[in-house]
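The sequence shown runs 42 to 343 under the numbering used here. Beta carbons are placed, not taken as given, at the ideal position from N, Cα and C, and that holds for glycine. These figures come from a predicted structure and were not determined experimentally. In what follows, a single structure is set out as structure tokens and then discussed.
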Amino acid sequence: MTDEGYSALTSALKSNPSHLRELNLSGNKLGDSGVKNLSDLLMNPQFKLEKLHLCECSITEKQCLILTSALKTNPSHLRELDLSRNELKNTGVNHLCDVLKDSHCKLERLRLRYCYMTDEGSSAVTSALKSNPSHLRELDLRMNELGDSGVKNLSDLLMNPQYKLEILDLSECSITHEQGLILTSALKSNPSHLRELNLSENQIKNTGMSHLCDVLNDSHCKLETLRLNFCGITDVSALTNAKALQFLKQLDLRNNMIGDSVKQLIHVLQDSNCELRLDREQPLFRAATKHTGMHFTSWSKS
Numbered sequence: 042m043t044d045e046g047y048s049a050l051t052s053a054l055k056s057n058p059s060h061l062r063e064l065n066l067s068g069n070k071l072g073d074s075g076v077k078n079l080s081d082l083l084m085n086p087q088f089k090l091e092k093l094h095l096c097e098c099s100i101t102e103k104q105c106l107i108l109t110s111a112l113k114t115n116p117s118h119l120r121e122l123d124l125s126r127n128e129l130k131n132t133g134v135n136h137l138c139d140v141l142k143d144s145h146c147k148l149e150r151l152r153l154r155y156c157y158m159t160d161e162g163s164s165a166v167t168s169a170l171k172s173n174p175s176h177l178r179e180l181d182l183r184m185n186e187l188g189d190s191g192v193k194n195l196s197d198l199l200m201n202p203q204y205k206l207e208i209l210d211l212s213e214c215s216i217t218h219e220q221g222l223i224l225t226s227a228l229k230s231n232p233s234h235l236r237e238l239n240l241s242e243n244q245i246k247n248t249g250m251s252h253l254c255d256v257l258n259d260s261h262c263k264l265e266t267l268r269l270n271f272c273g274i275t276d277v278s279a280l281t282n283a284k285a286l287q288f289l290k291q292l293d294l295r296n297n298m299i300g301d302s303v304k305q306l307i308h309v310l311q312d313s314n315c316e317l318r319l320d321r322e323q324p325l326f327r328a329a330t331k332h333t334g335m336h337f338t339s340w341s342k343s
């Protein structure tokens, strides 16, 4: 859409704002006038939007300030916000944090994938969520740098019994081996709500895998999807004894140089409903599937 199209759309919505609950403008460039018109709409108390998707809309830091200022005046209805793949950077994200801290904010799903945040921005987001933790069910910080402070704040959040997060995506967040251990320790203290965890393309390694298995062995753990693609893991023997494997529906271990222990894992999972994702080119994969007859199903990485 062009600016003219946005202006026409938002103008039409402004004339009849009370029924719309979901608005998806992803993949279109809003521009200054589009942001202005949308902000006017968001400030209207009659506009009770619950889902707003603005992924890849070329939103700048300055435009983010305008949008978040509008959201702050009328925050109580919005349940889902996707600002992924916009260059919000730390400044734009800091403005969003003012909304997240508002006690009237009832956001359940927040997606900030690839928003050019450094550890400063990630720390600000997680700190803001700590002040108002009870509603959020999904958090996507993929492809942003968490840093030590972001990991610390997120860990504090995960340990909060009021925080009932179900989906957490931290793939490609430059999480170090040490930071991974901090996160898994936090998860262990409050494991009963999380259903989906993505730690792909971080340096989890074997020790992190072992700590993660401590979480999986907790009787309260109900994890259904675990993605550990490209995590520097070579040994999955700890997984074969994890109690939570009975709940797992999807397990992604692609792009890890796993040794013989994968055979035992495949054996353990062959009578389960778990979809195991491995590298099909590896000889161990072909040998194990040949002898077990296990069916492997792939699913999207995203």
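Under the criterion of beta carbons closer than 8 angstroms, residue 103 and residue 63 do not qualify as touching, at roughly 26 angstroms.
Per DSSP, residue 171 is one residue of the alpha helix (DSSP H) stretching across 160-171. Rounded to the nearest angstrom, the Cβ distance from residue 309 to residue 286 is 7 angstroms, consistent with a contact under 8 angstroms. Taking all protein chains shown into account, residue 298 has fewer than 16 neighbouring C-beta atoms within 10 Å of its C-beta and is therefore exposed.
A distance below 8 angstroms between beta-carbons, with the five flanking residues on each side excluded, links residue 155 to the following residues of its chain, in chain order: 125, 126, 183, 184 and 185. Secondary structure of residue 266 (DSSP, three-state): strand. Comparing alpha carbon positions, the residue from 60, 139, 278 and 313 closest to residue 290 is 313.
Relative to the Cα of residue 135, the nearest Cα in the group 110, 166 and 116 belongs to 166. Scanning the stretch 70-136 for uninterrupted beta strand (DSSP E) segments of 3 residues or longer gives 92-94 and 121-123, listed from N- to C-terminal end. As a beta-bridge residue in DSSP terms, residue 239 pairs with 210 and 268. In the DSSP annotation of this structure, the continuous segment of the beta strand (DSSP E) that includes residue 180 starts and ends at 179-181.
For the pair residue 174 and residue 201, the CB atoms are nearer than the 7 angstroms cut-off. Per DSSP, the beta bridge partners of residue 63 are 92. Fully enclosed alpha helix (DSSP H) runs of no fewer than 4 residues occupy 302-310 of the stretch 256-319, in order along the chain.
The continuous beta strand (DSSP E) containing residue 151 extends over residues 150-152. DSSP places residue 216 in the coil class of the three-state scheme, outside both helix and strand. Apart from sequence neighbours up to five positions away, the residues of its chain that approach residue 54 with a beta-carbon distance below 7 angstroms are 61 and 82, ordered along the chain. Here the alpha carbons of residue 148 and residue 120 stand approximately 4 angstroms from one another. Contact check for residue 236 against residue 207 passes: the beta carbons are separated by less than 7 angstroms. Taking every protein chain shown into account, the CB of residue 123 has 16 or more other CB atoms within 10 angstroms, so this residue is buried. Remark: C-beta atoms of residue 199 and residue 169 do not approach each other more closely than 7 angstroms. When secondary structure is reduced to three states using DSSP, residue 233 falls in the coil class, being assigned neither helix nor strand.
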